[in-house]
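J.: Have a look at the structure that comes next, please.
Protein chains in written order, with the working numbering: chain L, 2 to 345; chain B, 2 to 345.
Below, the structure written as structure tokens:
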């Protein structure tokens, strides 16, 4: 399979995307990479790596523009037609690539994918589906920031897509869905939250009601749905707190030599928790709901994170998640229509 | 000073409120407590403690009703006029008490305080001001959940109040204020966030722009403002992650005896981080903006947390925060009015 990599996306581009892709090419023999971006810069970066035996799976597709963080997502599609992210999406649209991976501007990827690839039948808005570590495994949060101002029915779409993705990815037959809210009672939250609660109660998902931040890590539900504004803020807060936690430990452990010795003896435990909470290991989050596989990697992705984002793209192509989402929505609509006919 | 304690509020009432108050009475000789709630139950609970030498600083004010978590905040004020939280607020209104402390229903406390005590001149909405541990000290998040659907101008009120509270509490002359958002650029976020950004830029606070979750713990700003929906979700997420973190460590450390030995040697470091992130130590969060000192303690407060909530109430009375907030708003309005006259 061929993966279009936005070589210019992210804080450390094209260095980290190229390094991550070379690692992925070594680890996954069935993957080819088309690097989309400034050809000269990409070629120069490739020269810094040993690509012996990989060259028949490497190609470069030139794109002359780069989306900046200050660009608006929608405008970037209209005004920077030759941006690396837009061109990478074009390759998926034309069938020249099976998936796109980008560590660049989230809004630009969401806009390019939504405008060019369109959303799946029955889905109006795409959502970023992010895996988060919990006491027993992981839960999925959707939307992690693709749509910051959705309508309640879009949240239902997130619930449907998130359930299918979690089911396929983690072999969990009927994942429970929770609405991220400020209290467990149905009456809690904003008007928006209450409307979401009502719609989710009637939706074709295993809805378990509202969930709160102090319980989500105990995994009362497998899928947590919220709007992209709340989702993005929460994700970054989790990331920030996890990092600071390790910093605070380092500081405390350095305070005396006995603590340092102790830290040495249990450094395996520290490393294990660090791996578990590291965004590097998850690599990339799928943008569910668009008609093509789009994986968003973190803006500050390391080569390891980008290698893993390519791994996620590879798995998503294999699982045919999009086809399954369309089928589930179709079957829901049929049920609803039949129900209406029966009542009529 | 006399503090009205909602003896029936919280998951472990009246046991924990009574135990926390007895500890506070021992530690703070200038504090008297009026326990508001079911007199018989409160007296029975008091008998379980050694109150020798404290009895002249203890009184009980009977209230026959309790607000349940399923009650709506506003309705609870109208329909349960004799609830412990409403009666405790009454005591502050009549001047019989200097402050109220409650671990009960947040919405009920906010509604009772707003309706009975009214907001301060120049402030339309009250906000919960929560201290959160950061790399260098603490930052303040406001609103932690008092108003889940505020207007942009209410966010400005939170910024003003938060700045004054932080300044007084932590001796920080000009605390920086950040708007909790999904990107640092002024163009980022919902329409609501953009309006808040514009208003904050012109407000009488040291506004430093947007802040994101992955940076807040490094304390780029001292005061983080957001609506109460986002604030409450974030607070609980921080609390949940901190708890799970320690659980994950425990699990990892138990995996072999060498790690266990290491953990024993650096247990001081674990304890220190645990204390730093424990909601028990902060105890209670002030509801800023109402005309009276109201301290909200966590619903599942331990006796220690309630003792510390009383400590926070005591400090707030001493600092005369409300008077200072009114003065700052008045001086801002005068400046604005003078400015308008000058332009006219």
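Idealized CB from N, CA, C, for every residue including glycine.
1. Is there a C-beta anywhere in chain L that falls below 9 Å from the one on residue 281/B?
2. Near residue 343/B, which residues of its chain fall below 6 Å by C-beta distance, leaving aside the five closest residues on each side in sequence?
3. Using the three-state DSSP reduction, which class does residue 25/B fall into: helix, strand or coil?
4. For residue 98/L, which of 294/L, 316/L, 256/L, 312/L has the nearest alpha-carbon?
5. In this structure, does DSSP put residue 318/L in helix, strand or coil?
6. For the ligand ZN, is there a heavy atom less than 8 Å away from the beta-carbon of residue 313/B?
7. Please report the distance separating the alpha-carbon of residue 104/B from that of residue 301/B.
8. In whole angstroms, give me the CA-to-CA distance for residue 237/B and residue 154/B.
9. Is there a C-beta anywhere in chain L that falls below 9 Å from the one on residue 2/B?
10. I want to verify the contact list: residues of chain B whose CB lies under 9 Å from the CB of residue 262/L, in sequence order.
11. Along the chain, where does the beta strand (DSSP E) that runs through residue 295/B open and close?
12. Can you grab the Cα-Cα spacing for the pair residue 167/L / residue 134/L, in whole Å?
13. With a 10 Å radius around its C-beta and 16 neighbouring C-beta atoms as the bar for buried, classify residue 306/L as buried or exposed.
14. Exposed or buried, which one is residue 96/L when buried takes at least 16 other CB atoms within 10 Å?
15. Among residues of its own chain, excluding the 5 on either side of residue 60/L, which ones have a beta-carbon nearer than 8 Å to its beta-carbon?
16. My guess is that residue 205/L and residue 333/L are in contact by the Cβ rule of under 8 Å, so how many angstroms apart are they, rounded?
17. Of all the options 180/L, 326/L, 297/L, which has the alpha carbon lying nearest to the alpha carbon of residue 346/L?
18. Which runs of the beta strand (DSSP E) fall wholly inside the region 132–219 of chain B and span at least 3 residues, in chain order?
19. I need the straight-line Cα distance from residue 142/B to residue 51/L, nearest angstrom please.
20. Spatial neighbours of residue 432/B within its chain, please: C-beta separation below 6 Å, excluding the five flanking residues on both sides.
21. How long is the line joining the alpha carbons of residue 345/B and residue 83/B, rounded to whole angstroms?
22. Anyone know if the C-beta pair for residue 30/B and residue 19/B falls short of 9 Å?
23. Since I believe residue 213/B is in contact with residue 346/B (beta carbons under 8 Å), could you give me their beta-carbon distance rounded to a whole number of angstroms?
24. Using DSSP with H/G/I as helix, E/B as strand and the rest coil, what is residue 1/L?
25. Going by Cα to Cα distance, which pick from 162/B, 158/B, 230/B, 38/B is closest to residue 85/B?
26. Let me make sure I understand the geometry here. Which of 203/L, 27/L, 81/L, 161/L has the alpha-carbon closest to that of residue 57/L?
27. Please name the residue in 130/B, 147/B, 197/B whose C-alpha comes closest to that of residue 139/B.
28. Where DSSP assigns a beta bridge to residue 270/L, which residues make up the other side?
29. Quickly, what does DSSP pair residue 128/B with across the bridge? List them, please.
30. Locate the alpha helix (DSSP H) running through residue 75/B, then write down its first and last residues.
31. For residue 318/L and residue 292/L, I'd like the C-alpha separation in whole angstroms.
32. Would you mind giving the Cβ-Cβ distance between residue 220/L and residue 136/L, rounded to the nearest angstrom? I have them listed as a contact below 8 Å.
33. How would you write the range of the beta strand (DSSP E) that residue 239/L sits in, first residue to last?
34. Just the C-alpha distance for residue 16/B and residue 309/L, rounded to the nearest angstrom, thanks.
35. Distance cutoff 9 Å, beta carbons only. Does residue 222/L sit that close to anything in chain B?
36. Is residue 226/B closer than 9 Å to residue 163/B when the C-beta atoms are compared?
T.: The short version:
1. no
2. Confidence at residue 343/B is low in this model, with a pLDDT of 49, below 50, so the placement of that residue is unreliable and no value is reported for it.
3. helix
4. 294/L
5. helix
6. Summarising the ligand content, the structure contains no ligands, and the ligand ZN is consequently not present.
7. 8 Å
8. 25 Å
9. no
10. 263, 266, 267
11. 294–298
12. 14 Å
13. Residue environment analysis places residue 306/L among the buried positions, since at least 16 neighbouring C-beta atoms fall within 10 angstroms of its C-beta.
14. Burial call: exposed.
15. 33, 34, 35, 36
16. 4 Å
17. No answer is possible for residue 346/L: the residues shown for chain L start at 2 and end at 345.
18. 138–143, 177–181, 207–212
19. 49 Å
20. With chain B running from 2 to 345 in the structure shown, residue 432/B is simply not present.
21. Note on residue 345/B: pLDDT 40, under 50, position unreliable in the model; no value is reported.
22. No, they are not a contact pair.
23. Absent from the structure is residue 346/B, since the part of chain B shown begins at 2 and ends at 345.
24. Because chain L in this structure spans residues 2 to 345, residue 1/L falls outside the shown range and cannot be described.
25. Of 162/B, 158/B, 230/B, 38/B, the smallest CA-CA separation from residue 85/B is found for 38/B.
26. 27/L
27. 130/B
28. None; residue 270/L has no bridge partner.
29. 289/B
30. 74–80
31. 12 Å
32. 6 Å
33. Premise fails: residue 239/L lies in the alpha helix (DSSP H), 229–254, not in any beta strand (DSSP E).
34. 51 Å
35. no
36. Yes, the Cβ-Cβ distance between residue 163/B and residue 226/B is below 9 Å.
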